[in-house]
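**Student:** Residue numbers (our numbering): 29 to 677. Even for Gly, the Cβ is constructed at its ideal location relative to N, Cα and C.
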Amino acid sequence: MSIKILADISVKAYGANDYKTFTYSTNKELGLKVGSIVMIPFGKRQSLGVVIKIYPQDHPKPSYKILDVKEKIDINPLPLHLVKLAKWLADYYLASPKAIWQTILPSGLQVKNPRKLKQKTKQKVLIAPQIKLNPEQASAIKTIKASHDRAFLLHGITGSGKTEIYIRLIKEVINRSRSAIVLIPEISLTAQTVERFRSHFAGSIIVSHSKLTAAVRRNIWLEVLNAQKPQVIIGPRSSLFLPVQNLGLIVIDEEHESSYKQESAPKYNAVITAKKLADLTNSKLILGSATPSIASYFLTQKGKIKLLELKKRAKGQRLPEVEIIDLTKEPGLITDKLAKAIESTLKNRRQVILFLNRRGSANALICVDCGHTVKCPNCETTLTFHADQARLVCHYCGHTHLPQSICPQCQSTELIFIGSGTKKVEEQITKMFVGAKIARVDRDNSDIEHLDKVYQDLKNGEIDILIGTQMIARGLDIEGVDLVGVILADSMLAIPDFSSLERTFQLLTQVAGRAGRGREKAKVIIQTYAPDNPAVMHSKEHDFKNFYLTEIANRQKHSYPPFSYLLKLTYSNFNEARTKANAMQFADSLRKNYKNISVLGPVVCLHKKAANKFRYQVIVKSFDRTALAKIAKNLKIGWTADLDPINLV
Ligand code: ADP
Ligand code: ZN
Ligand code: ZN
């Protein structure tokens, strides 16, 4: 008779928010190891599972009936670090094994003899240019190599040569037979970045993105799992979970990007998760950005992450000059100054990027004369106009009032709702610059192929004026762009969120960085009603440091992260009245039952209805993360939680 041993298994079908494992028995000959993937009976169904623990042969068998492992999936076990990371994710972000394994394991693992996919035809690989590092780059690399620190923040202005540093570091780990994971924001123009990495690592590069079919994804996953030599993996946040064997380096480019936070379960933050992964694999973590997140920079100030700076552009170009146009003095959608600048840029046969932000078209009330936006007296966040109630609403605490007709700051009667008008930009530009080749990128046409085409067209001079939303702020490196115009900076400031200043500064600075990659004469024009806002003011000087100092003081004053933890709770229900009543009742019970928290709301969500259900949200703030975790873990039906949210609306 064969020898039976016991194994603890984390079951993929298990959907509750605790990392419970189940004990099964298995024949010793099956050769299960920690990390082995198995099929097991679970309730009335079967499920995939991952072996978490193997008991010694002589471990006493329990008195209750133990089910047998049905079969072992015939692939290598998961690397141990992923088994540990799975548990950490579940505990830290309060996610179910189901959500975790759906994220880590590809679908279709149990399929026997999968159809062979056609090998993609070999892509043309560019020849990597030979670049001599400048002193700043050389010194950053030297510090990273010599340091015993685990995590580094590479704060380098746009175009300072961060990517070149990543490439050198990757070469170095590959030489030590270890692999690297490089995260890049999903909707950045990935092809451009990938092109560049491919030219250096042609044979060992693996590219992942979210638009891949399940079959391709599974193949990539298996390729990584079975790899015999070190690899360079490039992809979005989920690439952290590919089963790399011998990880040595993790790079997160544009680490401030909000796409590194997953908004569905498991609601993890890739920067935090990468830090854990680096610990588990003894790898180095490099975060790179021209505009670091407040959270990451704060950690450098606390000595938790080592700060490295690149203050000059790689090819020695100056940063473009930024001009702020005060719309309270010179009103207009396209002001005369901006129009003249576009005209002269076109005359010089150079290119223009115009940036507008529709996402921020939340209706905020703004004073045309002084730029004042109407804010909540309790929370200092911008109030949002809800047409159905004809009221301004605070999306944190629920405070509402009628839209005023007189500016509280300057007594002007010229108050307007912003968010209207931006759609007219393309129309107006088309009318003003007859004959110019105009292209547009926004949410409605933002798939990777389209972005790719726009990038190629721009590079080849097929586009004179590109109009776009925040997507075009990212990564674009085009030598022909001499002018970048921001139509209305305020539409970003008006997003009612504790991080809206941070987002505005990042966007303005990144957008401005698109200009002057090629020549000295580049210019940036920012139109705004709020020229004195710190996010606008400091982006004019490309001055992250002073922006950080202003903003961190602000966060401290109002006890927002990184000085506190937040939990966003959302409740949805088909019945509007019941949604509100239940949300109220729950908020009250939290106030009664927990001491060290403050509860804001409930308030109707900015997107009031989703999937036919009404939605209310409650924000809980605390200095104690475990208190918030406890609340998130014990929610009733209808509630969802986001611990450490990066936006509150
Ligand atoms: P970042 O990632 O900081 O925006 P990149 O690495 O993309 O900067 O560099 C910007 C441009 O400068 C690229 O075209 C790159 O090839 C070039 N570059 C980088 N380092 C050097 C260097 N040491 N000497 C000359 N050119 C460089
Ligand atoms: Zn005013
Ligand atoms: Zn409020």
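Apart from the five residues on each side of it in sequence, which residues of its chain come closer than 6 Å, Cβ to Cβ, to residue 325?
**Tutor:** 576
**Student:** Closer than 8 Å: is that where the CB of residue 348 sits relative to any heavy atom of ligand 1?
**Tutor:** no
**Student:** For residue 667, which beta-bridge partners are listed by DSSP?
**Tutor:** Paired residue(s): 599.
**Student:** Are there any heavy atoms of ligand 1 lying less than 8 Å away from the beta-carbon of residue 508, as far as the coordinates show?
**Tutor:** no
**Student:** Just to confirm before moving on: does the CB-CB distance between residue 369 and residue 553 stay below 9 Å?
**Tutor:** yes
**Student:** Quick one: give me the first and last residue of the beta strand (DSSP E) that residue 32 is part of.
**Tutor:** 32-39
**Student:** Using C-beta distances below 6 Å, list every residue in its chain close to residue 118, excluding the 5 sequence neighbours before and after it, in chain order.
**Tutor:** 47, 128.
**Student:** Tell me, please, which residues DSSP counts as bridged to residue 100.
**Tutor:** Answer is 66.
**Student:** Considering only the beta carbon of each residue, do residue 111 and residue 68 sit closer than 9 Å?
**Tutor:** no
**Student:** On a Cα-Cα basis, can you pick out the residue from 89, 106, 72 that is closest to residue 80?
**Tutor:** 106
**Student:** Would the C-beta of residue 173 count as close to ligand 1, meaning under 8 Å from any of its heavy atoms?
**Tutor:** no
**Student:** For residue 282, write down the residues that DSSP places opposite it in a beta bridge.
**Tutor:** None; residue 282 has no bridge partner.
**Student:** For residue 421, which of helix, strand or coil comes out of DSSP?
**Tutor:** Here residue 421 sits in strand by DSSP.
**Student:** So, are the CB atoms of residue 316 and residue 184 less than 9 Å apart?
**Tutor:** yes
**Student:** So, at 7 Å on beta carbons, what are the nonlocal neighbours of residue 233 in its own chain, with the 5 sequence-adjacent residues on each side left out?
**Tutor:** Same-chain partners within the cutoff: 225, 226, 260, 262.
**Student:** Can you look up residue 449 in the DSSP assignment and give me helix, strand or coil?
**Tutor:** Note that residue 449 scores 45 on pLDDT, short of 50, meaning its location in the model is unreliable and no value can be drawn from it.
**Student:** Measuring alpha carbon to alpha carbon, tell me which of 220, 439, 41, 178 ends up nearest residue 481.
**Tutor:** 220
**Student:** Can you check whether the CB of residue 126 is closer than 9 Å to the CB of residue 41?
**Tutor:** yes
**Student:** Would DSSP call residue 379 helix, strand or coil?
**Tutor:** Strand at residue 379.
**Student:** For residue 222 versus residue 276, is the C-beta spacing smaller than 9 Å?
**Tutor:** no
**Student:** Tell me which same chain residues have a C-beta within less than 7 Å of the C-beta of residue 159, skipping the five on either side of it?
**Tutor:** 192
**Student:** For my contact list, residue 644 and residue 607 are in at a C-beta cut-off of 8 Å; report their separation, rounded to the angstrom.
**Tutor:** 5 Å
**Student:** Examine the Cβ distances between the segment 244-256 and the segment 281-293 and report whether three or more of them are shorter than 8 Å.
**Tutor:** The segment 244-256 vs the segment 281-293: no contact.
**Student:** Given 8 Å as the limit, tell me if residue 165 has its C-beta closer than that to any heavy atom belonging to ligand 1.
**Tutor:** yes
**Student:** Is any heavy atom in ligand 1 found nearer than 8 Å to the beta carbon of residue 338?
**Tutor:** yes
**Student:** For ligand 1, I want to know if residue 535 counts as a neighbour, meaning its beta carbon is within less than 8 Å of at least one of the ligand's heavy atoms.
**Tutor:** no
**Student:** What separation, rounded to the nearest whole angstrom, lies between the Cα atoms of residue 84 and residue 331?
**Tutor:** 43 Å
**Student:** Is there at least one non-hydrogen atom of ligand 1 closer than 8 Å to the beta-carbon of residue 226?
**Tutor:** no
**Student:** Are residue 359 and residue 288 touching if we call contact CB-CB under 9 Å?
**Tutor:** No. Outside cutoff.
**Student:** Taking residue 720 as the reference, give the member of 30, 403, 468 with the closest Cα.
**Tutor:** In the structure as shown, the chain begins at 29 and stops at 677. Residue 720 is therefore absent and cannot be evaluated.
**Student:** Report yes if the C-beta distance between residue 510 and residue 551 is below 9 Å; otherwise report no.
**Tutor:** For residue 510 and residue 551, yes; Cβs fall inside 9 Å.
**Student:** Please state if the CB of residue 595 and the CB of residue 649 are separated by a distance shorter than 9 Å.
**Tutor:** yes
**Student:** Please determine whether the Cβ atom of residue 162 lies at a distance below 8 Å from any heavy atom of ligand 1.
**Tutor:** Because some heavy atom of ligand 1 lies under 8 Å away, the Cβ of residue 162 counts as near it: yes.
**Student:** Given 8 Å as the limit, tell me if residue 59 has its C-beta closer than that to any heavy atom belonging to ligand 1.
**Tutor:** no
**Student:** Nearer than 8 Å: is that true of the beta carbon of residue 170 relative to any heavy atom of ligand 1?
**Tutor:** no
**Student:** Examine the Cβ distances between the segment 392-404 and the segment 430-445 and report whether three or more of them are shorter than 8 Å.
**Tutor:** yes
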